[in-house]
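Trainee: Chains as they are written, first to last, in UniProt numbering: chain Y, 1 to 328; chain R, 1 to 328; chain H, 1 to 328; chain X, 1 to 328. Dropping the structure in here first, questions after.
4 protein chains.
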Amino acid sequence: MAKKITNIAVLTSGGDAPGMNAAIRAVVRACSFYNIECTGVYRGYQGLIEADFIKLDARSVRNIINKGGTFLKSTRSLDFKTKEGRKIAYDNLKANNVDALIVIGGDGTFTGGQLFSQEFDIPLVGIPATIDNDINGTDYTLGYDTALNTVVEAIDKIRDTASSHNRLFLVEVMGRDAGDIALNSGIGAGAEEILIPEEDMGTERLLDSLKRSKKTGKTSSIIVVAEGEKSGKNIFELASYIEENMDEYEVRVSVLGHIQRGGSPSCFDRVLASKLGVGAVEALMNGKSGIMIGIHHQKVVHVDLVTAIKDDSKIDNELRRVADITSV
Amino acid sequence: MAKKITNIAVLTSGGDAPGMNAAIRAVVRACSFYNIECTGVYRGYQGLIEADFIKLDARSVRNIINKGGTFLKSTRSLDFKTKEGRKIAYDNLKANNVDALIVIGGDGTFTGGQLFSQEFDIPLVGIPATIDNDINGTDYTLGYDTALNTVVEAIDKIRDTASSHNRLFLVEVMGRDAGDIALNSGIGAGAEEILIPEEDMGTERLLDSLKRSKKTGKTSSIIVVAEGEKSGKNIFELASYIEENMDEYEVRVSVLGHIQRGGSPSCFDRVLASKLGVGAVEALMNGKSGIMIGIHHQKVVHVDLVTAIKDDSKIDNELRRVADITSV
Amino acid sequence: MAKKITNIAVLTSGGDAPGMNAAIRAVVRACSFYNIECTGVYRGYQGLIEADFIKLDARSVRNIINKGGTFLKSTRSLDFKTKEGRKIAYDNLKANNVDALIVIGGDGTFTGGQLFSQEFDIPLVGIPATIDNDINGTDYTLGYDTALNTVVEAIDKIRDTASSHNRLFLVEVMGRDAGDIALNSGIGAGAEEILIPEEDMGTERLLDSLKRSKKTGKTSSIIVVAEGEKSGKNIFELASYIEENMDEYEVRVSVLGHIQRGGSPSCFDRVLASKLGVGAVEALMNGKSGIMIGIHHQKVVHVDLVTAIKDDSKIDNELRRVADITSV
Amino acid sequence: MAKKITNIAVLTSGGDAPGMNAAIRAVVRACSFYNIECTGVYRGYQGLIEADFIKLDARSVRNIINKGGTFLKSTRSLDFKTKEGRKIAYDNLKANNVDALIVIGGDGTFTGGQLFSQEFDIPLVGIPATIDNDINGTDYTLGYDTALNTVVEAIDKIRDTASSHNRLFLVEVMGRDAGDIALNSGIGAGAEEILIPEEDMGTERLLDSLKRSKKTGKTSSIIVVAEGEKSGKNIFELASYIEENMDEYEVRVSVLGHIQRGGSPSCFDRVLASKLGVGAVEALMNGKSGIMIGIHHQKVVHVDLVTAIKDDSKIDNELRRVADITSV
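This is the structure:
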């Protein structure tokens, strides 16, 4: 039988994502509900090593569900990549009577957590939080839905100018390896073309497509380009290429950048964070470890951390098809 | 074999919902993609009867994906409730060479559509659009996600005042029969209590709960109340009741009202509308009729209209549980 | 020569308004800049009496410029209305070496402050913060610009429904005595009629006007109604009256309520708060007392508190004229 | 006595700005109010030359007050820079019985308009619309207030990440020649430093300042950089320079770009647009020409176009001072 958990530490690590605060809140509240102590760790794994801890109770997390970022802060830790560093981290947890750990972050966070949990036999559960939605075994990661809304609102603004001036805009959105943000925000923003890392449409086919669009009467266009897009040109080169080959258009570039990571989380992300936070505490109480709490078909699921971080981003072909049809 | 569809009419009916324009756009674009003519019908079923039609092509629906409401407008039609009215509607469709119909709306819309389709043997497909999320067979209806964001943003504003003044706010949200909006927005807005139509917690238990909250150190509180809540008191009576029984609080009421129906759709609703609109056209092309296009487990599904409108709103017990835990 | 100020206390009182936190921040930062100690007072005048104080330094106010409400909280104080209460307040300030006071709020706040300052010879400066914009001697009060944006965004959402359904909406906005919010938001939201406390257009003239609008082809309408409007009917009675007299319209009511007080302040309010906060500290340093720091013609001005709270709300006739012309 | 005006043409030219649609609406409505015909010109001066006209009545401009961009579209016209081009433009106006012209835009628009009006003796009035606020004789240009809100909302999002990671962000905002956007949004967003075109603080002083900030306990920082800033380094070079000289910080760059031009106008801009649009029509009716309608001390004023376009952007020293004090 699983040892009774009496003190759970929680940290956020890696790039911040909207909903992290809501997830911390849910962890803290669930601990309070089940009479478990909760220890906040500042600055991710580095804070574990430096014993940068704070006691958290139900009232510590009031009025944070709607705040972007993470009040526990996040940082990269080189020390945690060493066995020595992890040993110190473990000793600090023990010294503070912490007997389980919840880590909120993306694949880097899970990789470190998985290793730590195995080496030191401390129960550990992960909560997926990254705007890139590139974790296996969960339909959604925290922050992804919010980022999509941020992107479409930004492109809505750009479209005001595009359609006022009959211009072509290339808009770069996040996504080094995964095209989920580009594909969904591209459909949502009514983009004419969407370039994603998972496929290389080729610059010539892009030109053909733009020319076809022009013929059907389109007077302005938005092309959404994922960071990791595979044309071999960066977005500014791509803009020049199009301008050289299509007299009809003035081309402009907008790189949305870091605004995509911040902002007050959407209701979807707040509810998701609440479910996952509660689920993480309950999983630890039930003796689980080495897993991520995900959401699949609207239900909380447990996924092996090893599975969660497996890299196999696949394009959603149905969504690609819908994008092609609705952009005629 | 199904007769080839050559001209699809599309209308919106019932209460408007964010995403209706995006759905119309997807229908029109899919028609264009498949070389099918598309006929817009103004003012719902009444427009069918008055032959208030407009030809729509791919360019007719530019720059509307981000607009709330419905540019085809919506109205109630008493005439369509009569056999004579429906006969005229049918004759108008025939006279305009329309051979299939897509109706976008909620259960009232589907009920009328189901009857019309059976009486006059015209292929008809429904797209669920209502902020109430009270349609069976689809995980989400159009407008629901947007409404949740509108509600949590409004309550975020109210919380500024609540926590500045140590007040208790009762916030009424939509939902005569279904507590989905209240439950999700309540969790998302960090509400202390959530009153929904599916259960009557009793005013005494509410008081007990508020007193417990107060003891745990809460200095302000938000109670989210669905319109159809079952305490037997209206929201103003409820406020008086609490004020009389809890000296500690000044109680205020806010009825969110019609702002919940409007606004630019969220990315989620725009993508959903795009999938459902394309799915509706393709279903008609494949000879389907009398069905709703829904989304289940992130895939487009076909649901009998009769099933879709069956009234059996069930509370999501898991969500109720998460609400209780995260509000400690 | 004025005695050198060494410790300034700051409090917020009355209804909260967006920008209060930004004003506190500016006061604290200006104190830090000039090497003056700063003492935060929780819960307004009541906190003075209860000595509910906190030392504030430049870092205490990080990341609050964009937050609605007031982190120092606000409450009504019956005790402060008594001479005994004010004496205790004064003693508490002296005991904490506070030698000047900045009060952020509206006319009630200023009335109390004016009395207190005279009775106890403590330098006191006011910063006008109320969404109602009903303070004399300043072109703008803190929170007013933000409230206008909140109102027009809400009415934009309602208009989605109004124009989808060809409906008439009555929207109630704040303003018991002053029509500024109604008049400006009414113009900004494109309202057809605007009812304000400063004039009674009469219900018959309202009907005439609506009928004229209908004739010119308007199919939906928004009427913005200030709380303190003088028709003699409340907004629900007004709706019934219109519905009875105009068959053509379905009439709906929306009371915007408390959302108008909250929310992240606009850039305008943040900059205004920064100017006023700095101005208040500098005024005290220059030996001023019994004044409000206002903004007039984009410059910081000093206004006697007695003048500031004088009640003489006047309608802006030019704006009224613009409203009439742009709503044809 | 001035000849009676019977038909006013209106166009938008130059970069688009939020509030242009609201200004067009006000012009059209004022024409309708005064029984003057109104002719919309598509695509600015180029549309004059191509006689790309449309009759506008009061109902043509419904539901556009809240839309960004300009439905009349805007484009650059090389043809209008030639005398021949302007002659054709004039002939087109005469052929359509237009006897006065309202041009909405910035200094380029006014320069062209001034020349045209003098050459061809056609009454012409300008309305200042540009997010840069770089027109003389008016306290505000259309779009400026909205752009400030867009910028602070974007930086609020970036701050979530900055403070979660203890990072330094350089955020580039618009303003080639004028620092108004940078200075106001910098104060509004709580920036630690603000670099503007009107002064070169020097990269060493910047470093000194950042080091001082760090010492006072700041753990993250935002530097707002106007496009036309004078350090001699572009923003990416500036980031590298800081990173090389301050080990303590990871530096990130965000270029806000075109999102600043779009979006639904703020209430302030909608009201301003309404005043200016009405003022423009009334000025023409009163025989005025060669002027811009501006706003000064909250009143509509007439400014010679020659004065309006005079280049003498001056830094607001008081605002600079407030920025320095509130960023300690």
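Positions of the beta carbon are idealized from the N, C-alpha and C atoms, including for glycine.
Under 6 Å Cβ to Cβ from Y144/X, same chain only, skipping five residues before and after it: list those, please.
Mentor: Working through the fourth sequence from its first residue, we reach residue 144/X at position 144. I131, N133.
Trainee: So A189/Y and I155/Y are supposed to be a Cβ contact under 8 Å. How far apart are they, rounded?
Mentor: By 1-based counting over the first sequence, the position of residue 189/Y is 189. By 1-based counting over the first sequence, the position of residue 155/Y is 155. Indeed, because the Cβ distance is near 4 Å, the residues count as touching under 8 Å.
Trainee: Could you check whether the Cβ of D311/Y sits closer than 8 Å to any Cβ belonging to chain X?
Mentor: One-based indexing of the first sequence puts residue 311/Y at position 311. Output row for D311/Y: interface = no.
Trainee: Can you tell me the Cα-Cα spacing of D311/H and N136/H, whole angstroms?
Mentor: In the third sequence, counting from the first residue as 1, residue 311/H sits at position 311. In the third sequence, counting from the first residue as 1, residue 136/H sits at position 136. Taking the straight line joining both Cα atoms gives about 8 Å.
Trainee: Using only CA atoms, which one of M201/X, H258/X, T216/X lies nearest to residue 330/X?
Mentor: No information on residue 330/X is available, as it lies outside the stretch 1 to 328 that chain X covers here.
Trainee: On the three-pair Cβ rule with 8 Å, is the segment 286-303 of chain Y touching the segment 40-57 of chain Y?
Mentor: Touching, no, given that fewer than three Cβ pairs across the two stretches are closer than 8 Å.
Trainee: Count the other C-beta atoms from every protein chain shown that fall within 10 angstroms of the C-beta of M1/X, then say buried if there are 16 or more, exposed otherwise.
Mentor: Position 1 of the fourth sequence, counted from the first residue, corresponds to residue 1/X. Confidence in M1/X is poor, its pLDDT being 47 and thus under 50, which makes the residue's placement unreliable; the coordinate value appears in the next sentence. Exposed, since its Cβ has fewer than 16 Cβ neighbours within 10 Å.
Trainee: Would you list the residues sitting across from N252/Y in a DSSP beta bridge?
Mentor: Here residue 252/Y corresponds to residue number 252 of the first sequence, with the count starting at 1. It should be pointed out that residue 252/Y corresponds to Arg in this sequence rather than to Asn. Answer is F169/Y, bridged to R252/Y.
Trainee: Nearest by alpha-carbon distance to residue 329/X: which of I54/X, C31/X, L148/X, V10/X is it?
Mentor: Because chain X spans 1 through 328 in this model, residue 329/X falls outside it and cannot be assessed.
Trainee: Name the chain X residues whose beta carbon is nearer than 7 Å to that of H297/Y?
Mentor: Position 297 of the first sequence holds residue 297/Y. Residues of chain X passing the Cβ test: none, with the nearest at roughly 30 Å.
Trainee: Name the chain Y residues that come within less than 8 Å of T216/R, Cβ to Cβ?
Mentor: Here the question's residue 216/R lines up with position 216 in the second sequence. A58, R59, listed in chain order.
Trainee: Enumerated in chain order, which unbroken segments of the alpha helix (DSSP H) with a length of 4 residues or greater are wholly contained in the segment 68-129 of chain H?
Mentor: Counting whole runs of 4 or more residues, the segment 68-129 of chain H contains the alpha helix (DSSP H) stretches 83-95, 107-120.
Trainee: So A17/R is in the alpha helix (DSSP H); what residue range does that whole segment cover?
Mentor: Residue numbering aside, residue 17/R sits at position 17 when the second sequence is read from its first letter. Here A17/R belongs to no alpha helix (DSSP H), and DSSP marks it neither H nor E.
Trainee: How would you list, in chain order, the residues of chain Y whose beta-carbon sits under 7 Å from the beta-carbon of D161/X?
Mentor: Working through the fourth sequence from its first residue, we reach residue 161/X at position 161. Looking at the sequence shown, residue 161/X is not Asp but Thr. Simply D16, G69, H258, R261, G262.
Trainee: Return yes when the Cβ of A162/X is within less than 8 Å of the Cβ of S220/X, no when it is not.
Mentor: The count along the fourth sequence starts at 1 and reaches residue 220/X at position 220. The count along the fourth sequence starts at 1 and reaches residue 162/X at position 162. For S220/X and A162/X, yes; Cβs fall inside 8 Å.
Trainee: Does DSSP put T219/H in a helix, in a strand, or in coil?
Mentor: Start at 1 with the first residue of the third sequence, and residue 219/H comes out as number 219. Here T219/H sits in coil by DSSP.
Trainee: Under a three-way DSSP split, which group does G137/R fall into?
Mentor: Numbered from 1 along the second sequence, position 137 holds the residue referred to as residue 137/R. Coil, per DSSP.
Trainee: Counting contacts by CB-CB distance shorter than 8 Å, is H302/Y in contact with chain X?
Mentor: Counting from one through the first sequence, the residue named residue 302/Y turns up at place 302. It does not: the Cβ of H302/Y has no partner Cβ on chain X nearer than 8 Å.
Trainee: Can you grab the Cα-Cα spacing for the pair V278/Y / A191/R, in whole Å?
Mentor: One-based indexing of the first sequence puts residue 278/Y at position 278. One-based indexing of the second sequence puts residue 191/R at position 191. For V278/Y and A191/R, the distance between alpha carbons rounds to 16 Å.
Trainee: Provide the residue(s) that pair with C38/X in DSSP beta bridges, ordered along the chain.
Mentor: For this step, residue 38/X is matched to residue 38 along the fourth sequence. Answer is I8/X, L56/X, bridged to C38/X.
Trainee: Grab me the residues of K218/Y's own chain with a C-beta within less than 8 Å of its C-beta, minus the 5 sequence neighbours each way, in chain order.
Mentor: Position 218 of the first sequence holds residue 218/Y. Closer than 8 Å at Cβ, skipping near neighbours: E192.
Trainee: Pull out every residue of the segment 21-35 of chain Y whose Cβ sits closer than 8 Å to any Cβ of chain R, in chain order.
Mentor: The segment 21-35 of chain Y vs chain R, Cβ under 8 Å: R25, A26, R29, A30, S32, F33.
Trainee: Please go through the same chain and pick out, in chain order, the residues whose beta-carbon is closer than 7 Å to the beta-carbon of A17/Y, but skip the five residues on each side of it.
Mentor: Stepping through the first sequence from its first residue, residue 17/Y is reached at position 17. Correct list, in chain order: A129, T130, I131, L142, G143, R261.
Trainee: Got a sec, what are the start and stop residues for the beta strand (DSSP E) E193/Y sits in?
Mentor: Here residue 193/Y is taken as the residue at index 193 of the first sequence, counted from 1. Note, E193/Y: beta strand (DSSP E), 193-195.
Trainee: How many angstroms separate the CA atom of R76/X from the CA atom of S13/X?
Mentor: By one-based count along the fourth sequence, residue 76/X stands at place 76. By one-based count along the fourth sequence, residue 13/X stands at place 13. Roughly 7 Å between the two C-alpha positions.
Trainee: I'd like the list of long-range same chain contacts for I65/H, defined as Cβ closer than 6 Å, with 5 residues on each side in sequence excluded.
Mentor: On the third sequence, position 65 is the one that residue 65/H refers to. Result list for I65/H: A22, R25, R270, in chain order.
Trainee: Does the contact criterion of 3 or more C-beta pairs under 8 Å hold for the segment 109-118 of chain Y versus the segment 84-92 of chain Y?
Mentor: Touching, yes, given that three or more Cβ pairs across the two stretches are closer than 8 Å.
Trainee: Please return the same chain residues whose Cβ sits closer than 6 Å to the Cβ of G106/X, not counting the five positions on each side in sequence.
Mentor: Residue mapping note: residue 106/X aligns to position 106 of the fourth sequence, counting from 1. Cβ within range, chain order: G14, T130.
Trainee: Between which two residues does the alpha helix (DSSP H) carrying V322/X extend?
Mentor: Numbered from 1 along the fourth sequence, position 322 holds the residue referred to as residue 322/X. 317-326 is the span of the alpha helix (DSSP H), which, as asked, contains V322/X.
Trainee: Spatial neighbours of I8/H within its chain, please: C-beta separation below 8 Å, excluding the five flanking residues on both sides.
Mentor: Position 8 of the third sequence, counted from the start, is the residue given in the question as residue 8/H. Excluding positions up to five away in sequence, the list reads V27, C31, I36, E37, C38, T39, V98, D99, A100, L101, I102, V281, L284.
Trainee: Under the assumption that F268/H contacts F120/X (Cβ atoms under 8 Å), give the Cβ distance between them as a whole number of angstroms.
Mentor: Numbered from its first residue, the third sequence carries residue 268/H at position 268. Numbered from its first residue, the fourth sequence carries residue 120/X at position 120. Actually they do not touch by this definition, with Cβ atoms about 40 Å apart.
Trainee: Which residues bound the beta strand (DSSP E) around D200/H?
Mentor: For the purposes of this step, residue 200/H is identified with residue 200 of the third sequence, where counting begins at 1. No beta strand (DSSP E) holds D200/H; DSSP gives it neither H nor E.
Trainee: Taking a contact to mean a Cβ-Cβ separation below 8 Å, would you say V322/X touches F33/H in this structure?
Mentor: In the fourth sequence, residue 322/X corresponds to position 322, counting from 1. In the third sequence, residue 33/H corresponds to position 33, counting from 1. Taking 8 Å as the Cβ cut-off, V322/X and F33/H do not qualify as a contacting pair.
Trainee: Who are the neighbours of N63/R on chain Y, taking C-beta pairs under 8 Å?
Mentor: As a working note, residue 63/R is residue 63 in the second sequence. What N63/R touches in chain Y: R159, S163, G190.
Trainee: What does K73/X reach in chain Y if we use C-beta pairs closer than 9 Å?
Mentor: Reading the fourth sequence from its first residue, position 73 is the one you call residue 73/X. Within 9 Å Cβ-Cβ: S163, S164, H165, N166, T219.
Trainee: In this structure, what does DSSP give as the bridge partners for K299/X?
Mentor: As a working mapping, residue 299/X is identified with position 299 in the fourth sequence. According to DSSP, K299/X bridges with H296/X.
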